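**Student:** Once you know that position 188 of the sequence shown is 188 in this note's numbering, the rest is easy, because the numbers rise by one and skip nothing.
All C-beta atoms, glycine included, are put in the ideal place defined by N, C-alpha and C.
Computed from a prediction, not measured in an experiment: that's the story for all the values here.
Below you'll find the structure I mean.
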Amino acid sequence: MGFIPMICPQCGAQIEIVDSRDFGFCSYCGTKIVRDKIVIEHRGSISLDHSAEIKNLLLRAGECMRMGDIDGAEKKYEQVLTMDYDNAIARRGLQELYRVIKEPNFSLAVTISKFYNKTTRVDVTIDGVHRGEIANGYNAKYKLEVGSHSVRLKIVSVPFYKLDFTVDIKDRFTKVNYLATCKIGNKIELSDC
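Here it is as structure tokens:
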């Protein structure tokens, strides 16, 4: 424990203050004496180079995509964009990810009108591929890729009537739900639900 020599600003007496404290009192006049602190200011800017971290995150995001870990890849691309908002590779990666469908996005339910045969089923064909039949009161969910898809509904046992329509999937967040109602006259009425 050392002492720092000081001069009292009030009475001019020479006193000593303990070096572990920032202030002391003059033993002659009782004035509080505060020790001066030296503060060094630094002006300027500091730039951080994240290039190595960005490169590593992009490599790991690509690896996640190859392994099918869509959520992991998305998080890594988002981290890159947090550090470098204009990173073209991360932006393209996210655009690709938004085209990847993770869960069923097209739902079709079938109902039968009051006076129609209750055992009727509807045959579903999407993009020329037969996807099965849906019975009264049931619904089916399909996973469609991004883009336009042609859908054909046909009442089973009524060969001459069919309903064609198009389903547009814009990105992986698009969800489409339809209700197909079989009506008298062997017609199918389509409505959003």
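1. From which residue to which residue does the beta strand (DSSP E) around residue 63 run?
2. Here's a check: name, in chain order, each residue in its chain whose Cβ is nearer than 7 angstroms to the Cβ of residue 155, leaving out the five neighbours to either side.
3. Decide yes or no for the touch test of the region 44-61 against the region 72-90: beta carbon pairs closer than 8 angstroms, at least 3 of them.
4. Could you tell me the alpha carbon to alpha carbon distance between residue 104 and residue 42, rounded to whole angstroms?
5. Taking Cβ positions, are residue 163 and residue 178 nearer each other than 8 angstroms?
6. Count the other C-beta atoms from every protein chain shown that fall within 10 angstroms of the C-beta of residue 8, then say buried if there are 16 or more, exposed otherwise.
7. Nearest-angstrom Cα distance between residue 169 and residue 192?
8. Per DSSP, residue 23 forms a beta bridge with which residues?
9. From residue 132 to residue 146, what does the alpha carbon distance come to, in whole angstroms?
10. Whose C-alpha, out of 22, 30, 73 and 18, is nearest the C-alpha of residue 11?
11. Is the Cβ-Cβ distance between residue 171 and residue 66 less than 8 angstroms?
12. Mapping DSSP to helix, strand and coil, what is residue 70?
13. From residue 70 to residue 64, what does the alpha carbon distance come to, in whole angstroms?
14. Taking a contact to mean a Cβ-Cβ separation below 8 angstroms, would you say residue 151 touches residue 126 in this structure?
15. Return the bridge partner residues of residue 192 from the DSSP annotation.
16. Measure the beta-carbon distance from residue 101 to residue 141 and round it to whole angstroms, keeping in mind my assumption that it falls under 8 angstroms.
17. If I measure Cβ to Cβ from residue 2 and keep anything under 7 angstroms in the same chain, skipping five residues before and after, which residues do I get?
18. Are the CB atoms of residue 38 and residue 25 nearer to each other than 8 angstroms?
19. What first and last residue would you give for the alpha helix (DSSP H) that runs through residue 95?
20. From 153, 74, 46 and 47, pick the residue whose C-alpha is nearest to that of residue 58; which is it?
**Tutor:** Reading off the structure:
1. If you number the sequence shown from 1, residue 63 lands on position 63. Note, residue 63: premise wrong, no beta strand (DSSP E); alpha helix (DSSP H) at 51-67.
2. Along the sequence shown, one-based indexing puts residue 155 at 155. Closer than 7 angstroms at the Cβ level, and outside the excluded window around residue 155, lie 120, 122, 161, 182, 186 and 188.
3. The region 72-90 and the region 44-61 touch, with three or more beta-carbon pairs separated by less than 8 angstroms.
4. In the sequence shown, residue 104 corresponds to position 104, counting from 1. In the sequence shown, residue 42 corresponds to position 42, counting from 1. Near 57 angstroms, if we compare the C-alpha coordinates of residue 42 and residue 104.
5. Working through the sequence shown from its first residue, we reach residue 163 at position 163. Working through the sequence shown from its first residue, we reach residue 178 at position 178. No, Cβ-Cβ distance for residue 163 and residue 178 is not below 8 angstroms.
6. By 1-based counting over the sequence shown, the position of residue 8 is 8. That one is buried.
7. By 1-based counting over the sequence shown, the position of residue 169 is 169. By 1-based counting over the sequence shown, the position of residue 192 is 192. Computed Cα separation, rounded: 15 angstroms.
8. The residue given as residue 23 occupies position 23 in the sequence shown. Note: residue 23 sits in a beta bridge opposite 34.
9. Here residue 132 refers to the residue found at position 132 of the sequence shown. Here residue 146 refers to the residue found at position 146 of the sequence shown. Looking at the two C-alpha atoms, the distance is approximately 21 angstroms.
10. Your numbering for residue 11 matches position 11 in the sequence shown. Taking only the C-alpha atoms, the option nearest residue 11 is 30.
11. Taking the first residue of the sequence shown as 1, we reach residue 171 at position 171. Taking the first residue of the sequence shown as 1, we reach residue 66 at position 66. In this structure, residue 171 keeps its C-beta atom at 8 angstroms or more from the C-beta atom of residue 66.
12. For the purposes of this step, residue 70 is taken as the residue at position 70 of the sequence shown. In this structure, residue 70 counts as helix in the three-state DSSP scheme.
13. Your numbering for residue 70 matches position 70 in the sequence shown. Your numbering for residue 64 matches position 64 in the sequence shown. Here the C-alpha atom of residue 70 lies approximately 7 angstroms from the C-alpha atom of residue 64.
14. The residue you call residue 151 lines up with position 151 of the sequence shown. The residue you call residue 126 lines up with position 126 of the sequence shown. Yes. Within cutoff.
15. Here residue 192 refers to the residue found at position 192 of the sequence shown. Residue 192 is bridged to 178.
16. Looking up residue 101 in the sequence shown gives position 101. Looking up residue 141 in the sequence shown gives position 141. Going by Cβ atoms, the distance from residue 101 to residue 141 rounds to 12 angstroms, so no, they are not a contact pair.
17. Your numbering for residue 2 matches position 2 in the sequence shown. Exclusion of the five residues before and after residue 2 leaves 19 as the residues of its chain whose Cβ lies within less than 7 angstroms of its Cβ.
18. The residue given as residue 38 occupies position 38 in the sequence shown. The residue given as residue 25 occupies position 25 in the sequence shown. Going by C-beta atoms, residue 38 is not nearer than 8 angstroms to residue 25.
19. In the sequence shown, residue 95 corresponds to position 95, counting from 1. Looking at the DSSP string, the run of the alpha helix (DSSP H) that includes residue 95 is 88-99.
20. Residue 58 sits at position 58 when you count from the first residue of the sequence shown. If we check each option's Cα against that of residue 58, 74 comes out closest.
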